[in-house]
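J.: The structure is given below, and queries will be raised subsequently.
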Amino acid sequence: MIKIHKLEDGDLIKILPMIDKNNNISWIKQYDCVGLNTKTFITDTKGYLKRISHKIRESNSSINLPISTKYAMNIYIDGEIRILNVARTLFQMITNNPKLWDIRGNHQLFIVKGEVKAVGQIFPSFDKSYVSEKSWTPPVNDIDSKDEWYSYIKSNQPDFDNHLERNNIFVHKQLLISHLGKDMLGEIISDDRQKKLDEILV
Numbered sequence: 056m057i058k059i060h061k062l063e064d065g066d067l068i069k070i071l072p073m074i075d076k077n078n079n080i081s082w083i084k085q086y087d088c089v090g091l092n093t094k095t096f097i098t099d100t101k102g103y104l105k106r107i108s109h110k111i112r113e114s115n116s117s118i119n120l121p122i123s124t125k126y127a128m129n130i131y132i133d134g135e136i137r138i139l140n141v142a143r144t145l146f147q148m149i150t151n152n153p154k155l156w157d158i159r160g161n162h163q164l165f166i167v168k169g170e171v172k173a174v175g176q177i178f179p180s181f182d183k184s185y186v187s188e189k190s191w192t193p194p195v196n197d198i199d200s201k202d203e204w205y206s207y208i209k210s211n212q213p214d215f216d217n218h219l220e221r222n223n224i225f226v227h228k229q230l231l232i233s234h235l236g237k238d239m240l241g242e243i244i245s246d247d248r249q250k251k252l253d254e255i256l257v
C-alpha cells in the first residue's frame, strides 16, 4: 500500500516533483478511475474508461459507471512524502499558481475544507483553499542542491506508477466484464485495431 494523503481542513501542502523509474521528472499525473465495489479501484491512463462510458451513454444503457478524473502529485507533509489526489478545483488552483512549483520557496497550498450538497448527498469542497507563503523545514541539507533533492525524492517517494499498474483496467478486465455484462474494453481495442488496418490497406 502506498501512502495516499486524505485532505483535512488546515493542511499545509508543499508540492514536490515526481521521478519515475526512467528518471523522468513530472509534477502531476492525470488518470481516470472508477470504483466498482468497496475493495476494487480501477485506474486508466489511456482513456479507455471514458470511451466505455461514452458508449454506455450512446446506447442509453442503465449501467452505472461513475468515472472520475484525478490528478496525482507528490506532497511533503508531516515529515514525509505522500501522494495527493485532487479533482479539478484544486488542480486548477495549483496550475494557476506557478510559485507552488518552486521547491526552494515557501509557497504552499493551505487547505480550507468545507461541504457542498448535491443530488441529496454531501461532498467535500475545497473552493476556499489558497496559496500561503509560510516558512517550512526542507528535508534536505542544501536546499539549492539538485542532486540532494533528486536523491531524497527518488528514495522516499511512494511508487505511484506501480500503484497505477497494479490497479489498471487490464488487471481488472474480468471484473469490468462482469459489471458491464460484456467485454466493452475488448470491443474498443478491436475497433482501434481494425481502424489501423484499414488505414494501412488504403
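Under the numbering used here, the letters of the sequence shown match residues 56 to 257, in that order. Positions of the beta carbon are idealized from the N, C-alpha and C atoms, including for glycine. All values derive from a computational prediction rather than experimental measurement.
Is Gln42 helix, strand or coil by DSSP?
T.: The chain is shown from 56 up to 257; residue 42 falls before or after that span and cannot be answered.
J.: State the CB to CB distance for the pair Pro213 and Arg137, rounded to an integer number of angstroms; the pair is presumed to be in contact (CB under 8 Å).
T.: Translated into positions along the sequence shown, residue 213 becomes position 158. Translated into positions along the sequence shown, residue 137 becomes position 82. With 8 Å as the limit, Pro213 and Arg137 qualify as a contact, their Cβ atoms being about 7 Å apart.
J.: Going by alpha carbons, who is nearest to Asn78 out of Phe225, Tyr205 and Gly90?
T.: The residue labelled residue 78 in the question sits at position 23 within the sequence shown. Nearest of Phe225, Tyr205 and Gly90 to Asn78, Cα basis: Tyr205.
J.: Cα-Cα, which of Ile149, Ile122 and Ser114 is closest to Ile130?
T.: The residue given as residue 130 occupies position 75 in the sequence shown. It is Ile149.
J.: Tell me which residues share the same chain as Pro72 and place their Cβ nearer than 6 Å to its Cβ, disregarding the 5 neighbours each side in the sequence.
T.: Here the question's residue 72 lines up with position 17 in the sequence shown. Here the set comprises Ile80 and Trp82.
J.: As an exercise, report each continuous beta strand (DSSP E) stretch of at least 3 residues that is fully enclosed by the region 144-179, in chain order.
T.: You should have 162-165 and 169-173.
J.: According to DSSP, simplified to helix, strand and coil, what is His227?
T.: Walking along the sequence shown from the start, residue 227 turns up at place 172. Residue state, collapsed to three classes: coil.
J.: Under 8 Å Cβ to Cβ from Glu63, same chain only, skipping five residues before and after it: list those, please.
T.: By 1-based counting over the sequence shown, the position of residue 63 is 8. Closer than 8 Å at the Cβ level, and outside the excluded window around Glu63, lie Ile166 and Lys168.
J.: Grab the span of the alpha helix (DSSP H) containing Trp128 for me, first residue to last.
T.: Numbered from 1 along the sequence shown, position 73 holds the residue referred to as residue 128. A small fix is needed here, since residue 128 is Met in this sequence, not Trp. From DSSP, Met128 is part of no alpha helix (DSSP H) but of the beta strand (DSSP E) over Ser123 to Ile132.
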